[in-house]
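Inspection log for the structure reproduced underneath, given as structure tokens.
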Amino acid sequence: MHVIVVGAGFVGLSSALHLAADGHEVTVLERTGVAAGSSWGNAGFVVPPMTKPLAAPGAWVNGFDMMLNKDAPLSMPQPFSPRLALFLAKFASQMTKKRYAASVRAEAPALKDAFAAFGRMEELGVKASLTRATFTMGFESADGLEGLKTGMAESNSVGLEGNVDVVSPEVLPFFSDKITHAAQVRDQAYIDPPAYMEALAEACRTAGVNIIEDADVVSGYEGDSGVGLVDRKGRSYGGDAVVVAAGVWSDDLLETLHGKKARIGMAAGRGYSFTASVDPEFLPTEPVRFPSVSVVVTPYRGKVRVGGTMEFLPADAPMNPARIDSIKKALRPLVRGIDLENTTDHWMGPRPVSPDGSERVEAVSQRTFVASGHGMWGVTLGPRAGEIIAKLVTERLGR
Numbered sequence: 001m002h003v004i005v006v007g008a009g010f011v012g013l014s015s016a017l018h019l020a021a022d023g024h025e026v027t028v029l030e031r032t033g034v035a036a037g038s039s040w041g042n043a044g045f046v047v048p049p050m051t052k053p054l055a056a057p058g059a060w061v062n063g064f065d066m067m068l069n070k071d072a073p074l075s076m077p078q079p080f081s082p083r084l085a086l087f088l089a090k091f092a093s094q095m096t097k098k099r100y101a102a103s104v105r106a107e108a109p110a111l112k113d114a115f116a117a118f119g120r121m122e123e124l125g126v127k128a129s130l131t132r133a134t135f136t137m138g139f140e141s142a143d144g145l146e147g148l149k150t151g152m153a154e155s156n157s158v159g160l161e162g163n164v165d166v167v168s169p170e171v172l173p174f175f176s177d178k179i180t181h182a183a184q185v186r187d188q189a190y191i192d193p194p195a196y197m198e199a200l201a202e203a204c205r206t207a208g209v210n211i212i213e214d215a216d217v218v219s220g221y222e223g224d225s226g227v228g229l230v231d232r233k234g235r236s237y238g239g240d241a242v243v244v245a246a247g248v249w250s251d252d253l254l255e256t257l258h259g260k261k262a263r264i265g266m267a268a269g270r271g272y273s274f275t276a277s278v279d280p281e282f283l284p285t286e287p288v289r290f291p292s293v294s295v296v297v298t299p300y301r302g303k304v305r306v307g308g309t310m311e312f313l314p315a316d317a318p319m320n321p322a323r324i325d326s327i328k329k330a331l332r333p334l335v336r337g338i339d340l341e342n343t344t345d346h347w348m349g350p351r352p353v354s355p356d357g358s359e360r361v362e363a364v365s366q367r368t369f370v371a372s373g374h375g376m377w378g379v380t381l382g383p384r385a386g387e388i389i390a391k392l393v394t395e396r397l398g399r
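Residue numbers (full-length UniProt numbering): 1 to 399.
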């Protein structure tokens, strides 16, 4: 079978690699370049017991508070567009204890398998691996620490292993005096996203996958015997099946293929990051998170990658430099030794957030499949998503 995968991000290339391993001929169509969406500049965290549904009970209250603060971690345009208003209404409807608990249970099997799924990617030829690490969190009050303990107990209850070790912030040189409480969660992991994506793309090519960049798919159809797609330059592509793994752009292609009913209804939750130099005396050797301001710091090639924010704007809207400034403003009083004045690699990536906060990895029709809606957790869940897609395609259409 010839399978066309639309999207060369983490989930798309994972799907392509597993499809090739199952014996399919695979072509990947990418609108710009490999990892050009939300796969390049993210924090690279793989933290199963700390991976939580975005639609947490009561989060809408914090959301409205944050809209009044231009430097808050959450940013939304005002007034809302009709499409964003519909998304937010559906998203808010998920913020009940019952639905949140159901989401936690539903995600547990994939999260339990996350580390092993990365190992299986290595077996398929990906010459990159997880860096196992202890994650440190800094809090400005005891309430934050208690919240972490509660969240970890919740994860433990569904079989996700993780222990909270309370530590003194004074022994961690990168914390300022404003950090009064700290904790560590051991046996987690992270990746270098650009390096991993390069290795993943190379593994795909070695497996025979044809990756075509600058192929922005704008129309298509599904027939009884196959699928056809056309890119913005008028080039046509045919195959036996299509996997739509184009991140937040997936909805447009799904609608083109199967009408409005096929849309997931995703919004672009745009995250930002940058690279900063650090005085060697203060350089974190493992990831650090500051929950109160939703900022993360990851070791990155002798420096650190700093990431944060959730901005609901159209995916293709220009980068907003004010969001970078807001991250710096939030982090500056909490750390020592990080140069927040001379930063580089300023980046924005539109993360695909579904109305209920859950990913969609499923068959849409006989020959159309989707793998999208992973929100902030495309790295953690990407390898397994690729396996599931390959299994679905093979079971439905054979090899």
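Where a beta carbon is used, it is the ideal one built from N, C-alpha and C, also for glycine.
Excluding five sequence neighbours on each side, which residues of the same chain lie with their C-beta closer than 7 Å to the C-beta of residue i?
i: Y100; result: P53, A55, A56, P57
i: L160; result: P48, P49, A108, L111, K112
i: residue 405; result: The requested residue 405 does not occur in the structure, where the chain is confined to residues 1 to 399.
i: G144; result: H181, P291, S292
My understanding is that residue i touches residue j, with C-beta atoms under 8 Å, so please give their C-beta distance in whole angstroms.
i: residue 417; j: L29; result: Nothing about residue 417 can be read from this structure; the chain reaches only from 1 to 399.
i: F10; j: Y190; result: In fact, because the Cβ distance is near 14 Å, the residues do not count as touching under 8 Å.
i: V230; j: V218; result: 6 Å
i: A330; j: D165; result: Going by Cβ atoms, the distance from A330 to D165 rounds to 25 Å, so no, they are not a contact pair.
i: R105; j: V158; result: 6 Å
i: I389; j: V353; result: So it is not a contact: roughly 20 Å between Cβ atoms.
i: L397; j: A241; result: 6 Å
i: G378; j: S38; result: 7 Å
i: V296; j: A43; result: 5 Å
Could you give the distance in angstroms between the alpha-carbon of residue i and the alpha-carbon of residue j?
i: T180; j: P73; result: 21 Å
i: A246; j: P169; result: 41 Å
i: T51; j: V227; result: 36 Å
i: T309; j: T298; result: 15 Å
i: N320; j: P314; result: 12 Å
i: L19; j: G41; result: 26 Å
i: A92; j: G23; result: 42 Å
i: I327; j: L334; result: 12 Å
i: T32; j: R235; result: 15 Å
i: E286; j: T134; result: 6 Å
i: H2; j: V306; result: 40 Å
i: A317; j: N210; result: 30 Å
i: T206; j: N163; result: 40 Å
i: T131; j: Q188; result: 8 Å
i: F87; j: I4; result: 29 Å
i: G373; j: L381; result: 11 Å
i: Y196; j: E140; result: 34 Å
i: F80; j: F312; result: 10 Å
i: G239; j: T394; result: 14 Å
i: A142; j: E281; result: 27 Å
i: D345; j: S225; result: 45 Å
i: E202; j: V34; result: 11 Å
i: R332; j: D325; result: 10 Å
i: S358; j: R232; result: 30 Å
i: D192; j: Y300; result: 7 Å
i: G259; j: D216; result: 19 Å
i: N156; j: D214; result: 44 Å
i: G146; j: S294; result: A small fix is needed here, since residue 146 is Glu in this sequence, not Gly. Near 17 Å, if we compare the C-alpha coordinates of S294 and E146.
i: P284; j: S250; result: 37 Å
i: G375; j: R186; result: 24 Å
i: D252; j: A371; result: 14 Å
i: S365; j: E198; result: 32 Å
Beta-carbon within less than 6 Å of residue i's beta-carbon, same chain only, minus the 5 sequence neighbours each way: which residues are those?
i: L257; result: G220, E222, T368
i: A363; result: F369, L392
i: L124; result: L17, A21
i: V248; result: M266, A268, A315, P350, P352
i: F118; result: L130, P383
i: V26; result: V3, A16, L19, A20, V209
i: D279; result: G337
Quick one: is residue i near chain B, going by C-beta distance under 8 Å?
i: F175; result: Structure shown: chain B not included; a single protein chain is present.
Can you find the residues in the same chain that come closer than 8 Å, C-beta to C-beta, to residue i, ignoring five residues on each side of it along the sequence?
i: L200; result: F10, L13, S14, L17, M121, V126, A128
i: D356; result: A55, K90, F91, Q94, R99, S103
i: R399; result: M1, D22, G23, H24
i: G138; result: P169, L172, F175, I179, H181, A182, V288, R289, F290, L334
i: P77; result: L84, F312, L313
i: K97; result: P57
i: V167; result: T136, A182, A183, Q184
i: E255; result: A262, R263
| Can you list, in chain order, the stretches of the beta strand (DSSP E) that have 3 or more residues and sit fully within the segment 234-262? | Look at the segment 234-262 and you find these whole runs of beta strand (DSSP E), each 3 residues long or longer: 236-239, 241-244.
| Taking contact to mean at least 3 C-beta pairs separated by less than 8 Å, is the segment 341-349 in contact with the segment 262-281? | Yes, the segment 341-349 touches the segment 262-281.
| message | Quick check on the DSSP output: what are the complete alpha helix (DSSP H) runs of length 4 or more inside the segment 307-383, in order along the chain? | response | Qualifying alpha helix (DSSP H) stretches, in chain order: 321-331.
| Fully enclosed by the segment 156-233, which alpha helix (DSSP H) runs are 4 residues long or longer? | Runs of the alpha helix (DSSP H) spanning 4 or more residues and lying entirely within the segment 156-233 occur at 193-206, in chain order.
| task | Say whether the segment 142-153 touches the segment 104-123, bearing in mind that this needs 3 or more beta-carbon pairs closer than 8 Å, one atom from each stretch. | result | Contact annotation: the segment 142-153 does not touch the segment 104-123, with fewer than three C-beta pairs closer than 8 Å.
| Cβ contact check for the segment 317-336 and the segment 2-9: 3 or more pairs under 8 Å | Cβ pair count under 8 Å is below three, so no.
| query | Per the contact definition of three or more C-beta pairs closer than 8 Å, is the segment 277-291 in contact with the segment 170-179? | reply | Of all C-beta pairs linking the segment 170-179 to the segment 277-291, three or more are shorter than 8 Å, placing the two stretches in contact.
| query | What are the start and end residues of each continuous alpha helix (DSSP H) run of 4 or more residues lying completely inside the segment 66-148, in chain order? | reply | Restricting attention to alpha helix (DSSP H) runs no shorter than 4 residues, the segment 66-148 encloses them at 82-93, 97-112, 114-123, ordered along the chain.
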